[in-house]
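Structure first, then comments.
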Amino acid sequence: MATFSSGVQKNDETERHAHVVGWGMAAPASVLTNDELSTFVDTNDDWIFARTGIRQRYIADEGESTATLAYKAAQQALEVADILPTDLDLIVVATSTPENIFPSTASLVQDWLNAHEAGAFDLSAACSGFVYALNMAADSIRAGSIQAALVIGAETMSRILDWQDRSTCILFGDGAGAVVLQASPAPGGVLSSVLRSDGAGSDLLAIPSVGSIDADESRAGANGAKLYKMYMAGSEVFRFATRVISESIEQTCAAAGIETNDIDLVIPHQANRRILQAAARKLGLDADKFMSNLERYGNTSAASIPIALCEAIEQQRIQDKDHIALVGFGGGLTWAAMLIRWGVPQPSAQQGSMLNRQRRHVQYRIARWRSRSRRWRRRVNRKVREIRD
Ligand code: COA
């Protein structure tokens, strides 16, 4: 079992903290309800709601993709943070449904934002991916190598589901959420994180891809997994999830030097209401302390935590100085928890300056123009070379 954890830094004058200063989310326009699902899969609303807590999910239309959803969420997050795309040093997209193997979804978002000072890459840690990515960005900020990072969780799970498999297709949906992390000397922000992996459970939850031993579309893998389709052993994943949520939250609290009772709100990966209730019981926390919006979104994998965070802020469930625990778990197997001491103004108090808003919109327009003109110039140069040779 591989382990990684980072604890709280000591207070001194040179200390840098990583604060969440912006947030945004995007959901596709189309909704698929349980009743609509049951017209083409052998299931029903009562069963799905009772076993999972899900009533509906959003499904990407033809014109929507992981990158377009990520881009929308990113624009909102920059708006709240009131910084320019050119202020970003790093863009990370946590996803299991990337636009391509490469180029990364993060590179596409970087181009569309005109964030030309930023490095960009995708991170693969399934439903734990957002917490992993946030930890990587926070560590880079605290180490002093970057000032500002955009961390996104974005998924189009609908495209890797087997819509005939009622044990998986009822659970997932599409969406994206993003946060801007920024360096600050003010204490708080990301306090501690715990990242874990147990690859011995790799056959419990999987989406085989091009490098797979079973990379032949006509065959199914030993555990029944088809290429580019999700496979899941539901009840085993359920047991794993209830165990690791409480364990990792306790570990991240210990690393930050606080009691679990001091947590004001848990923003868990939105997989199943019964999993969240069981985890709350194990931690001895009131179930109300667990943010839940899976009734409307289903499981959006790496996007679920930042989407739930945005909604918690919108519902004013997060106040200044609150201790917020994020916890993700999923394929790998992977799991991760993080403790944040919240320290930014509420959205109503945070008015982006008009000038910066206009500058951002100019940059988005420049980005589109710059990409097109670069491609066009490459094409012309190619033609010229062909004629010359
Ligand atoms: N609609 C109606 N019936 C269904 C069904 C569906 N969508 N899916 C399964 N069933 C049936 C099964 O065939 C079984 O019938 P049987 O008793 O006649 O054989 C019965 O319901 C119970 O199935 P089971 O798989 O034992 O249900 P469960 O209580 O374990 O619930 C999950 C299934 C998938 C909801 C549950 O295991 C789960 O949520 N697991 C965790 C999944 C998860 O969160 N994954 C992502 C982690 S990131």
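Per our numbering, residue 87 is the first one in the sequence shown, and the count goes up by one each step.
The C-beta atom is built at its ideal place from N, Cα and C for all residues, glycine as well.
Taking a contact to mean a Cβ-Cβ separation below 8 Å, would you say Gly230 touches Gly215 in this structure? For this step, residue 230 is matched to residue 144 along the sequence shown. For this step, residue 215 is matched to residue 129 along the sequence shown. No, Cβ-Cβ distance for Gly230 and Gly215 is not below 8 Å.
Decide if Trp109 is buried, meaning its Cβ has at least 16 other Cβ atoms within 10 Å, or exposed. What you label residue 109 is simply residue 23 of the sequence shown in a count that begins at 1. When all chains shown are included, Trp109 counts as buried.
In whole angstroms, what separates the C-alpha of Ser434 from that of Glu400? Counted from its first residue, the sequence shown places residue 434 at position 348. Counted from its first residue, the sequence shown places residue 400 at position 314. Here the model assigns Ser434 a pLDDT of 46, short of 50, so the residue's position is not dependable and the matter cannot be decided.
How many angstroms separate the CA atom of Ala211 from the CA atom of Val178? Within the sequence shown, residue 211 is the residue found at index 125, counting from 1. Within the sequence shown, residue 178 is the residue found at index 92, counting from 1. Roughly 12 Å separates the two Cα atoms.
Taking its Cβ as the centre, do 16 or more other Cβ atoms sit within 10 Å of Ala223, making it buried, or is it exposed? Position 137 of the sequence shown, counting from 1, holds the residue named residue 223. Buried, by the Cβ-count rule.
Proximity below 8 Å, CB of Arg245 to CB of Thr183: Along the sequence shown, read from residue 1 onward, the residue named residue 245 stands at position 159. Along the sequence shown, read from residue 1 onward, the residue named residue 183 stands at position 97. It is a contact, given that the beta carbons lie within the stated cut-off.
Hey, would you say Asp175 sits closer than 8 Å to Glu203, going by beta carbons? For this step, residue 175 is matched to residue 89 along the sequence shown. For this step, residue 203 is matched to residue 117 along the sequence shown. The answer is yes: Cβ separation under 8 Å.
Mind listing, in chain order, the continuous beta strand (DSSP E) runs of no fewer than 3 residues lying wholly within the segment 176–250? 176–180, 205–209, 234–242
Using CA coordinates, which residue listed in Arg141, Gln250, Ser190 is at the minimum distance from Thr154? Locating residue 154 in the sequence shown gives position 68, counting from the first residue. Ranking the options by Cα distance to Thr154, first place goes to Ser190.
Smallest Cα separation from Ala104: which of Ser270, Ala192, Leu441, Tyr157? Here residue 104 refers to the residue found at position 18 of the sequence shown. Checking every option, the nearest Cα to that of Ala104 belongs to Ser270.
Spatially closest choice to Glu381 from Asp131, Ala112, Ile344, by CA coordinates: To locate residue 381, count along the sequence shown from 1; it is residue 295. That would be Asp131, whose Cα lies nearest to the Cα of Glu381.
Looking at the structure shown, is Asn442 part of a helix, part of a strand, or coil, going by DSSP? For the purposes of this step, residue 442 is taken as the residue at position 356 of the sequence shown. If DSSP states are grouped into helix, strand and coil, Asn442 belongs with the helices.
Ala286 to Arg463 span [Cα, whole Å]: Looking up residue 286 in the sequence shown gives position 200. Looking up residue 463 in the sequence shown gives position 377. Distance between the alpha carbons of Ala286 and Arg463: 49 Å.
Quick one: is Thr100 buried, meaning 16 or more other Cβ sit within 10 Å of its Cβ, or exposed? On the sequence shown, residue 100 is found 14 positions in, with the first residue counted as 1. Result: exposed.
By the 10 Å Cβ neighbour count, where 16 or more other Cβ atoms means buried, how is Leu123 classified, buried or exposed? Here residue 123 corresponds to residue number 37 of the sequence shown, with the count starting at 1. By the neighbour-count rule (16 or more Cβ atoms within 10 Å), Leu123 is buried.
Going straight from the alpha carbon of Ala389 to that of Glu241, what length do you get? Locating residue 389 in the sequence shown gives position 303, where the first residue counts as 1. Locating residue 241 in the sequence shown gives position 155, where the first residue counts as 1. When rounded, the distance between both Cα atoms is 6 Å.
Would you give the residue range spanned by the alpha helix (DSSP H) that Thr138 belongs to? For the purposes of this step, residue 138 is taken as residue 52 along the sequence shown, with counting starting at 1. Note, Thr138: alpha helix (DSSP H), 131–138.
Go ahead and pull the three-state DSSP assignment for Lys407. Here residue 407 corresponds to residue number 321 of the sequence shown, with the count starting at 1. Looking at Lys407 - three-state DSSP - the assignment turns out to be coil, as it is neither helix nor strand.
With Tyr144 as the anchor, note down where its beta strand (DSSP E) starts and where it stops. As a position in the sequence shown, residue 144 is number 58, starting the count at 1. First-last of the beta strand (DSSP E) with Tyr144: 142–145.
In whole angstroms, give me the CA-to-CA distance for Glu148 and Ala156. Residue numbering aside, residue 148 sits at position 62 when the sequence shown is read from its first letter. Residue numbering aside, residue 156 sits at position 70 when the sequence shown is read from its first letter. In a straight line, the C-alpha of Glu148 is about 16 Å away from that of Ala156.
May I ask you to check if the CB of Trp133 is nearer than 7 Å to at least one heavy atom of the ligand COA? Looking up residue 133 in the sequence shown gives position 47. Indeed, a heavy atom of the ligand COA lies less than 7 Å from the Cβ.
Drop a sphere of 10 angstroms on the beta-carbon of Gly417, count the other beta-carbons inside from all chains shown, and report buried for 16 or more, exposed for fewer. The count along the sequence shown starts at 1 and reaches residue 417 at position 331. Flag for Gly417 reads buried.
Give the list of continuous beta strand (DSSP E) stretches no shorter than 3 residues that lie fully inside the segment 356–434. 409–416, 420–427
Just list the residues that DSSP pairs Val276 with in beta bridges. Position 190 of the sequence shown, counted from the start, is the residue given in the question as residue 276. Looking at the DSSP assignment, Val276 forms a beta bridge with Ile426.
Under 6 Å Cβ to Cβ from Gln196, same chain only, skipping five residues before and after it: list those, please. Here the question's residue 196 lines up with position 110 in the sequence shown. Within the same chain, Gln196 has close Cβ partners Ile177, Ala204, Ala206.
With C-beta atoms as the reference, is Gly414 less than 8 Å away from Ile391? Working through the sequence shown from its first residue, we reach residue 414 at position 328. Working through the sequence shown from its first residue, we reach residue 391 at position 305. It is a contact, given that the beta carbons lie within the stated cut-off.
Grab me the residues of Val448's own chain with a C-beta within less than 7 Å of its C-beta, minus the 5 sequence neighbours each way, in chain order. Walking along the sequence shown from the start, residue 448 turns up at place 362. So the list is empty, once near-sequence residues are dropped.
Spatial neighbours of Ser253 in its chain, beta-carbon cut-off 8 Å, leaving aside the 5 residues before and after: Your numbering for residue 253 matches position 167 in the sequence shown. Taken in chain order, the residues that qualify are Met318, Gly320.
Chain-order list of residues whose beta-carbon lies under 7 Å from that of Val323 (same chain, five-residue window excluded): Start at 1 with the first residue of the sequence shown, and residue 323 comes out as number 237. Same-chain partners within the cutoff: Leu290, Leu291.
As assigned by DSSP and simplified to three states, the class of Ser298: The residue you call residue 298 lines up with position 212 of the sequence shown. Ser298: coil per DSSP, three-state reduction.
For Pro171, which of helix, strand or coil comes out of DSSP? Taking the sequence shown and counting its residues from 1, one reaches residue 171 at position 85. Reduced to three states, the DSSP call for Pro171 is helix.
Spatial neighbours of Ser457 in its chain, beta-carbon cut-off 7 Å, leaving aside the 5 residues before and after: Along the sequence shown, read from residue 1 onward, the residue named residue 457 stands at position 371. Within the same chain, Ser457 has close Cβ partners Asp197.
Cβ atoms of Gly261 and Asn385: under 8 Å apart, would you say? Counting from one through the sequence shown, the residue named residue 385 turns up at place 299. Counting from one through the sequence shown, the residue named residue 261 turns up at place 175. No, the Cβ-Cβ distance between Asn385 and Gly261 is not below 8 Å.
Going by alpha carbons, who is nearest to Leu313 out of Ile299, Ser226, Leu236? The residue labelled residue 313 in the question sits at position 227 within the sequence shown. Comparing Cα-Cα distances from Leu313 to each of Ile299, Ser226, Leu236, the minimum goes to Ile299.
Note down the Cα distance separating Phe376 from Gly274, rounded to an integer number of angstroms. On the sequence shown, residue 376 is found 290 positions in, with the first residue counted as 1. On the sequence shown, residue 274 is found 188 positions in, with the first residue counted as 1. Near 21 Å, if we compare the C-alpha coordinates of Gly274 and Phe376.
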